[in-house]
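Undergrad: Positions in the sequence shown are counted from 1; adding 55 to them yields the working numbering. Quick reminder that beta carbons are idealized off the backbone N, C-alpha and C, glycines included.
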Amino acid sequence: NKRFTLIIRDKKLAPAAVVATVQQRLQKAGTDFYGAYQLFKEGETLRLGLHLLGVTSLEEPPPRPSRFLRKLALSAVQSALFNLCLARRMNDGLLHTVLEGDVMAKWPFGGMFVVQDVAAEQARFDRWEIVHTGPMFGKKMKSPAGVAAEREAAVLRESGIQPNAFVGFGKLLEGTRRQNLIRIDDLAAEVQGPDVTLRFSLPAGSYATILLRELMKTAQAEGSLQEIGEEPQPH
């Protein structure tokens, strides 16, 4: 895990509103979206990834993209598709609902399995023993079933991507699953004059900017952000 300290500064911001939001946030899990910078440099990285998958054509494709650039571009497609699936689940009000065929993971780290008994796994999810996952498409990704599979297939179809497009890239595009939600047990807020200081830990691969966006949206504030520290924690 990584430890973060963030300072929120905004003259319009009511510090008490942020503190109240933090207290509410501790009672529920948050989304584990990829941050925007992971996806593109002005969209170029994602466009190259879609080109490599045969979805789109570039007017001036790189003559010989390096292995690093190809890996980055394909990862951008994976991340974008994960975000699309998670956004759709959130918009459909299903963040806290286990679906038939979901691929679940034991929290915080553990094996994955496909849901067959929805009622039983919903009870385990509600106790925060397991969490549903989203797709990082690739040949080795564990596939969902039933309703969950239909939802992921719809995102691929609407994105113009064939399921077999992810085959043939070797280790550049192996595929996996990513937890849709994360729970933060050590989130704390401290008022310091007009500012609010947030302190929390996040699992590797999760984004502080995503948590901040959720908090600010809930508090209905647009604070400026200064990241003043990030401290690795022992595993």
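Hey, which unbroken runs of the beta strand (DSSP E) at 3 residues or more fall wholly within the stretch 142-173?
TA: As far as the stretch 142-173 is concerned, its whole beta strand (DSSP E) runs of at least 3 residues are 158-161, 167-169.
Undergrad: Does residue 177 come out as helix, strand or coil in the three-state DSSP assignment?
TA: Residue mapping note: residue 177 aligns to position 122 of the sequence shown, counting from 1. Reduced to three states, the DSSP call for residue 177 is helix.
Undergrad: Quick check on the burial criterion: 16 or more other C-beta atoms within 10 angstroms. Buried or exposed for residue 246?
TA: Within the sequence shown, numbered from 1, the residue matching residue 246 stands at position 191. Exposed, since its Cβ has fewer than 16 Cβ neighbours within 10 Å.
Undergrad: Using the beta-carbon count (16 or more within 10 Å), is residue 180 buried or exposed?
TA: In the sequence shown, the residue the question calls residue 180 occupies position 125. Under this definition residue 180 is a buried residue.
Undergrad: Decide if the stretch 105-122 is in contact with the stretch 215-229; the criterion is three or more beta carbon pairs, one per stretch, under 8 angstroms apart.
TA: Touching, yes.
Undergrad: Run the CB neighbour count on residue 129, radius 10 Å, all protein chains shown included, and call it buried at 16 or more, exposed below.
TA: For the purposes of this step, residue 129 is taken as residue 74 along the sequence shown, with counting starting at 1. Label assigned to residue 129: buried.
Undergrad: Which of helix, strand or coil does DSSP assign to residue 195?
TA: Looking up residue 195 in the sequence shown gives position 140. If DSSP states are grouped into helix, strand and coil, residue 195 belongs with coil.
Undergrad: Under the assumption that residue 232 contacts residue 191 (Cβ atoms under 8 angstroms), give the Cβ distance between them as a whole number of angstroms.
TA: Your numbering for residue 232 matches position 177 in the sequence shown. Your numbering for residue 191 matches position 136 in the sequence shown. Yes, they are in contact, since the Cβ atoms of residue 232 and residue 191 sit about 6 angstroms apart, within 8 angstroms.
Undergrad: Measuring only the C-alpha atoms, how far is residue 189 from residue 144?
TA: Numbered from its first residue, the sequence shown carries residue 189 at position 134. Numbered from its first residue, the sequence shown carries residue 144 at position 89. Distance between the alpha carbons of residue 189 and residue 144 is about 10 angstroms.
Undergrad: Do residue 186 and residue 160 count as a contact pair if the criterion is CB distance below 8 angstroms?
TA: The sequence position of residue 160 within the sequence shown is 105, counting from 1. The sequence position of residue 186 within the sequence shown is 131, counting from 1. The answer is yes: Cβ separation under 8 angstroms.
Undergrad: For residue 224, does the three-state DSSP call read helix, strand or coil?
TA: Indexing the sequence shown from 1 puts residue 224 at position 169. Residue 224: coil per DSSP, three-state reduction.
Undergrad: Does residue 257 come out as helix, strand or coil in the three-state DSSP assignment?
TA: Position 202 of the sequence shown holds residue 257. Residue 257: strand per DSSP, three-state reduction.
Undergrad: Name, in chain order, the residues that DSSP records as bridge partners for residue 264.
TA: Translated into positions along the sequence shown, residue 264 becomes position 209. According to DSSP, which records beta bridges pairwise, residue 264 is partnered with nothing at all.
Undergrad: Going by C-alpha to C-alpha distance, which of 126, 77, 167, 83 sits closest to residue 267?
TA: One-based indexing of the sequence shown puts residue 267 at position 212. The candidate whose alpha carbon is nearest that of residue 267 is 77.
Undergrad: Which of helix, strand or coil does DSSP assign to residue 59?
TA: The count along the sequence shown starts at 1 and reaches residue 59 at position 4. The answer is strand: DSSP assigns residue 59 an E or B state.
Undergrad: Short check: CB of residue 64 to CB of residue 250, under 8 angstroms?
TA: On the sequence shown, position 9 is the one that residue 64 refers to. On the sequence shown, position 195 is the one that residue 250 refers to. Yes.
Undergrad: Rounding to the nearest angstrom, what Cα-Cα distance links residue 137 and residue 204 in this structure?
TA: Along the sequence shown, read from residue 1 onward, the residue named residue 137 stands at position 82. Along the sequence shown, read from residue 1 onward, the residue named residue 204 stands at position 149. Distance between the alpha carbons of residue 137 and residue 204: 13 angstroms.
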